[in-house]
Amino acid sequence: MKLKDYLVPAALLLSASAFGSPMTDEQYANFPVYTGDDLELKVDSKGTHFTLWSPQADAASVQIYDTDRNTAPVQTLEMKKSDNGTWRASVPEQLYGKFYTFTVTVGGKQLDPTPGIWAKATGTNGHRAAIIDFSKTNPEGWDKDKGPSTKNITDAVIYEMHHRDFSVHPSSGIVHKGKFLALTEPETRSSKGDATGIDHLKELGVTHVHILPSYDYNSVDESQLPSNQYNWGYDPYNYNTPEGSYSTDPARPETRVTEMKEMVKALHDAGIGVIMDVVYNHTADNDKSNFSLTAPGYFYRHRPDGSYSDASGCGNETASERQMMSDFIVNSVKYWAQEYHIDGFRFDLMAIHDIDTMNRVAEELRKINPGIIIYGEGWTAGDSPLPVERRALKENVDKMKGVAVFSDDIRDAVKGHYSNAADRGFATGKPGNEETVKIGIVASTAHPQVDYSKGNNSKFPYAGAPTEIINYVSCHDDLTLTDKLAKSMPGSTEAERQRAARLAQTIVFTSQGTPFMFAGEEVFRDKKGVHNSYKSPDSINAIDWALKNKNREQFDYYRELISLRKAHPAFRMTTAEDIARNIVFDKVNVPNVVSYSIKKNANGDEWKEIKIVFNGSDKPYEAKIPKGEWTVIAEDGQLNAAGMGTAKGGRMTVASVSALILARTK
Ligand code: CA
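Under the working numbering, read the sequence shown as residues 882 to 1547, first letter to last.
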């Protein structure tokens, strides 16, 4: 997520806090900190207990409701000022089935009611928090549910999907279209008879799905689901509640909780992990966000004139350097990992967060699951008051232990610049990207044969290990790979563009680091040329599963590519030292050709040597292959992980826009 026109009205962008000038960083740093685990709501044998952290409040109250909206409170509890900036109220009953909001008065002004920042269940549109018994939300077998054990992040193959994109098209054959439950339906088939849904994921072989924002976001009106609104969901409202529009009944608070857990369990049962896209860097609203309505000003950064600073490009940015914001992020991801068994997190605009917070996130999550996967966008969408050296930037990734960043280096080098539609890259014939492709192959680690001064986006080996890098050529942002190729290869045939896509992804999936792909690329899905489809209708965003039949060979190529990577640890080294030792580049002075070997049974591979030649030029390339007994893995746009014939080495032709991959065991 990086674009500026999400949903905050211009007037809000310009206005300073409605509560007078915000305080200084030093003043916020002196706020009391509350570390109890009972924030906002706790139900036990003694009743229902409310604890709100609101240090500036002059008064605070809790409103109890019978329904999720449109009714007056049935009870109002005045809260008493308590320890460490908190306010407390209790009732002796267990209020299961009821809803609540908090209302605080700050500086003599009563703010709007808010469900708080720790609502774990809500009704429609999330304006009221719900009191439910979480022990009753677990699907059958939940206590034994476990995600795949991922020894190293480089063993993962990540598939980024949006719930509606994946299942909403009529061709999906899925009953619960656009819902969490879509990913629980076995044996779904397209109109052409191809596997869709969870069976499709199993057939493709990906190890993890990365689901676009699935916490409660603001833009889709959950009371109007039949109108089929679409949004990516980068407009957070309740961080600790699933999004209602992905449930079958947003008004019933238990439903979204149970259905999301059923989704996780079905994926786990299929051997697939679940990574959540999390957007703690900004909120949908400014003065009316739940942060602002509980502790106005505290959770955000401001400019010297008191206005909201905007490193997110969405109207505000959160302040992870403040203890209660840092704690919020850490405790929120811990909650998702524990309550929903989430296997990984992708941090949107991660560089808005400070390095220390990301290290806390990694350390705390690893206590819950040593194999948990954490990565993020190592950039901001605008400048921030947070000093550059404290930001969780791509260039600072080696200061974070167990956190990876997206490689925009490999992305732009392979396909061309992300924002210049017509720009080509290595796989589409533009010279000058060879060294950056090599940077991608070695996962931005130091390598004696890679000259970082020739890198397009980065001039030094910023990764200390390949486990710090996520490789990709497209994601939900910007043009899909299909659309990018169409716009940058005018006059080409679809077959030519599919060939370029295969080369591009072969570079991604054979490179060191962790491969990541956008859902539907394997069937050559497009988005009709729309680059920022965050609120485009289903007609733009939905994957037409009839494409799987039409583009079957493309799908088979992706499946084989994934199978190749999973079968061979040589593509999944875990240290920079191993890469420097085992990867040897050949001297090539031809534009758009990169040739290298992975030697010495790298990372315990049964293959002694793997020879890989990428030719992104429009001419065949004559490669000199050492004599030996080679198995041909990929050649002229075809790939078979089990091999397709043998070769003796010597001069071999690498066809235009293709990869040659050879392997030998002795
Ligand atoms: Ca919502």
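Note that the Cβ used here is the ideal one computed from N, Cα and C, for glycine as well. A quick note: this is a predicted structure, and the numbers were derived from the prediction, not measured.
Ligand 1 heavy atom lying under 6 Å from the CB of residue i
i, result
"G1004", "no"
"E1140", "no"
"Y1111", "no"
"Y1098", "yes"
"E1315", "no"
"G1125", "yes"
Limits of the unbroken beta strand (DSSP E) element including residue i
i, result
"W1217", "Counting along the chain, W1217 falls outside any beta strand (DSSP E), though it belongs to the alpha helix (DSSP H) covering 1204-1220."
"R1532", "1531-1535"
"N1121", "1117-1123"
"S1476", "1474-1479"
"A1504", "1502-1506"
"G1257", "1254-1257"
"K1492", "1490-1496"
"H930", "928-934"
"Q956", "956-959"
"I1092", "1089-1092"
Short Cβ contact (7 Å threshold) for residue i with residue j
i, j, result
"S935", "A1176", "yes"
"K1492", "L1543", "yes"
"P913", "G966", "yes"
"A1556", "A1451", "There is simply no residue 1556 to check, as the chain begins at 882 and stops at 1547 in what is shown."
"E1316", "D1332", "yes"
"G1203", "S1190", "Note that residue 1203 corresponds to Arg in the displayed sequence, not to Gly. It is not a contact, given that the beta carbons lie outside the stated cut-off."
"A1302", "K1409", "no"
"G1530", "K1508", "yes"
"I1249", "G1225", "no"
"H1091", "E1124", "no"
"V1286", "V1475", "no"
"T1069", "G1078", "yes"
"V1155", "F1228", "no"
"V1513", "A1528", "yes"
"K979", "R969", "no"
"N1171", "T995", "yes"
"G1526", "R1380", "no"
"P1131", "I1013", "no"
"D1425", "H1050", "yes"
"I1460", "I1479", "no"
"D939", "T986", "yes"
"T1035", "T1395", "yes"
"R1440", "G1086", "yes"
Limits of the unbroken alpha helix (DSSP H) element including residue i
i, result
"P1134", "1134-1150"
"V1318", "1315-1322"
"V985", "Run containing V985: none in the alpha helix (DSSP H); it sits in the beta strand (DSSP E), 980-987."
"S942", "No alpha helix (DSSP H) contains S942, which is instead part of the beta strand (DSSP E) from 938-946."
"A1294", "1289-1296"
"L1246", "1236-1249"
"Q1330", "Per DSSP, Q1330 belongs to no alpha helix (DSSP H) and is neither H nor E."
"F1390", "1375-1391"
"I1460", "1457-1463"
"F1047", "1044-1048"
"F1436", "1433-1448"
"N1422", "1419-1422"
**OP:** Check whether the segment 1170-1187 touches the segment 1238-1258, taking contact to mean three or more Cβ pairs, one atom from each stretch, closer than 8 Å.
**Re:** no
**OP:** State whether the segment 1162-1180 contacts the segment 1104-1117, with contact taken as three or more CB pairs (one from each stretch) at a distance under 8 Å.
**Re:** yes
Original post:
At a cut of 8 Å, does the segment 1386-1405 reach the segment 1357-1366 through at least three beta carbon pairs?
Top reply: The answer is yes - the segment 1357-1366 touches the segment 1386-1405, with three or more Cβ pairs under 8 Å.
Original post:
Counting Cβ pairs, one atom from each stretch, are 3 or more of them under 8 Å apart for the segment 1375-1393 and the segment 1296-1309?
Top reply: yes
**OP:** Decide yes or no for the touch test of the segment 1022-1031 against the segment 1128-1139: beta carbon pairs closer than 8 Å, at least 3 of them.
**Re:** no
Original post:
With a cut-off of 8 Å, do at least 3 Cβ pairs link the segment 974-987 to the segment 1205-1218?
Top reply: no
Subject >> Contact the segment 1332-1347 vs the segment 1270-1280: 3+ CB pairs below 8 Å >> reply: yes
Original post:
Any contact of the segment 1453-1473 with the segment 1412-1426, i.e. 3+ C-beta pairs under 8 Å?
Top reply: no
**OP:** Indicate whether the contact test is met: 3 or more Cβ pairs, each with one atom in the segment 1035-1049 and one in the segment 1263-1272, closer than 8 Å.
**Re:** Under the Cβ criterion (8 Å, minimum of three pairs), the segment 1035-1049 does not count as touching the segment 1263-1272.
Original post:
Contact between the segment 913-924 and the segment 942-949: three or more CB pairs below 8 Å?
Top reply: no
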